[in-house]
Amino acid sequence: MLQLNKFTITHRYDFRVLIDNLTVTINPGDKLALIGEEGNGKSTLLKAIYDMRLIEDYTEVTGQLINKTILMGYLPQTMPESLNDVSINNYLFDMSTLEQIDFNLLYQYASQLGIDSDRFDSHQLLGSLSGGEKIKLQLIKILARDPQLILLDEPSNDLDFETLEWLTYFIKNTEKTIIFISHDETLLKQTANRLILFETQHHKKVTKTTLVNLDYDTFIQNRDRQFDKDLQIATKQREEHKKQMQRQHQIHQAVEHQVRNTHDATAGRLIAKKMKNVLATQERLHKSTELFKEIPVKEEAILVKLRCHQPLSASKIVLNYQDQSFNNQQCNISQLGLVIQGQDKIGIIGANGIGKTTLLKKSIKI
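Position 351 of the sequence shown, counted from 1, bears residue number 341 in this note's numbering, the numbering being contiguous throughout.
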């Protein structure tokens, strides 16, 4: 069992609150997804749960984190650069973790993830592998230790379709507790039974961390309905207030006109009393805005726009491969024929390690 009690993480350098007063109990078998825009503290929380030392250089932490898990596994968003020069063999059979490895599980998960176990003896460096192969090897090593709690930081990144299907099935059906970060709505819909939503509001000045005890589909439906309802109420309140203020302004002007044109003392006192009531009503209307429902605002995503002032002609040949072959330690692409023209949109698909990234890198160099 894992508990967070009034858990707050603050960035040490800009004093930005990443996680604000989060209280949650994570039970055995939970599939808890951390969701929200980039840069809101999801990866930092995952690191804190795994090993507080990973974030101590740049954060201040208050509150309690009680972790009674005996063994955890952690998949970072990117493989540490320090492992780039480590061979597959040395990575899997590192002496510091070798005693924790269940070799039956090691070979079982290698088979399920499409990694040939003959490669376990390979001296190929991890840095030369494709992104998907790196994730697969890390997953194999993590799962071969049979951890109770698994922490996954955007595990679907770089995975081919077949492996993504396997990952979805595994998360959904395993009895292990899994906390994962993802922007993949299909993965979230099929696996998560609880959510923690990370938001920054008011132009990214206010942090909000919310526990949601719902599946992703239900959460999205409820959130959209609530947003529309809150927006309708907030808009109506302001429209009614505007009408009332306009009416009071007209009354105010009429009473002022009476004041200026009344010379009778008795009538003047009555008009003065009336003006006092008008001013009191206006003051109450001003104060009533403090009780208005706040206008809901959807969090602004970080958008990157690429401007092309002079688009390429659709007939212009940008790249022309005729019987090209690319061979390296990773893959063998032979007799490739491909013509790319301006304004083409081309998707490169296929299994991990088959040469998709190699083709892109070769194309950039041409």
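From the three backbone atoms N, C-alpha and C, an ideal C-beta is built for every residue, glycine too. Nothing here was measured: the structure is a model prediction, and the numbers come from that model.
If one requires a minimum length of 3 residues, the beta strand (DSSP E) runs lying completely within the region 83 to 156 are 139 to 143, in chain order. When C-beta atoms of the region 129 to 146 are compared with those of the region 159 to 173, three or more pairs fall below 8 Å, so the two segments count as touching. Between GLY31 and LEU8, the C-beta spacing is below 9 Å. The Cβ neighbour count for TYR3, taken over all protein chains shown within 10 Å, is under 16; the residue is labelled exposed. Considered as a whole, the region 48 to 76 harbours 49 to 57 and 62 to 65 as its complete beta strand (DSSP E) runs of no fewer than 3 residues, in chain order.
With fewer than 16 other CB atoms across the displayed protein chains lying within 10 angstroms of its CB, ARG297 is exposed.
By the beta-carbon neighbour count (other beta carbons within 10 angstroms, threshold 16), THR190 is buried.
Between the region 30 to 45 and the region 82 to 90, the count of Cβ pairs shorter than 8 Å is below three; the stretches do not touch. Excluding five sequence positions before and after GLN325, the CB atoms of its chain that fall closer than 6 Å to its own CB belong to ASP313, given in chain order. Each of ASN183, THR256, LEU269 and GLN222 was checked against the Cα of VAL245, and the nearest Cα belongs to LEU269. Counting other Cβ atoms within 10 Å of its Cβ, TYR159 stays below 16 and is therefore classed as exposed. Considering only LYS352, ILE354, GLY343 and ILE56, the residue with the shortest C-alpha distance to ASP150 is GLY343. Between the alpha carbons of LEU349 and LEU(-6) lies a distance of about 46 Å. Around the beta carbon of PRO145, a 10 Å sphere encloses 16 or more other beta carbons of the protein chains shown; the residue is thus reported as buried. Less than 9 Å separates the beta-carbon of GLN234 from that of LEU275. For VAL249, the enclosing alpha helix (DSSP H) stretches over residues 206 to 251. Taking all protein chains in view, the Cβ of ILE56 is surrounded by fewer than 16 other Cβ atoms within 10 Å, so the residue is classified as exposed.
In the DSSP assignment, PHE(-3) is bridged to LEU12. When the beta-carbon positions are compared, ILE330 and VAL308 come within less than 9 Å of each other.
Under the three-state reduction of DSSP output, THR164 falls in the coil class, being neither helix nor strand. Looking at the DSSP output, GLN180 shares a beta bridge with no other residue. Distance between THR52 and HIS1, taken at the CA atoms: about 12 Å. With 16 or more other CB atoms across the displayed protein chains lying within 10 angstroms of its CB, ILE186 is buried. In the DSSP annotation of this structure, the continuous segment of the alpha helix (DSSP H) that includes LEU275 starts and ends at 255 to 278. Rounded to whole angstroms, the separation of the alpha carbons of GLU175 and GLY345 is 27 Å. Look at TYR159 here: in three-state DSSP terms it is helix. Each residue's CA atom was taken as its position, placing ILE338 and ARG109 some 25 Å apart.
Take the alpha-carbon of ASN74 and the one of GLY332: they are about 36 Å apart.
In its chain, beyond the 5 residues on either side, PHE217, ASP220 and LEU221 have a beta carbon closer than 6 Å to the beta carbon of PRO286.
Taking 8 Å as the upper bound for CB-CB distance, GLN128 and MET69 are in contact here, some 7 Å apart. Apart from the 5 residues on each side of it in sequence, TYR97 sits with its Cβ closer than 6 Å to the Cβ of SER107 in its chain, given in chain order. Beyond the five residues adjoining it in sequence on each side, ILE261 comes within less than 8 Å, by CB distance, of VAL245, GLN248, VAL249 and THR252 in the same chain, given in chain order. GLY104 sits close to ALA341, with the two beta carbons spaced by under 9 Å. In the three-state scheme derived from DSSP, where H, G and I count as helix and E and B as strand, SER305 is classed as coil. Take VAL14, set aside five residues on each side of it, and the residues of its chain with a beta-carbon closer than 6 Å to its own are LEU(-6) and LEU201, in chain order.
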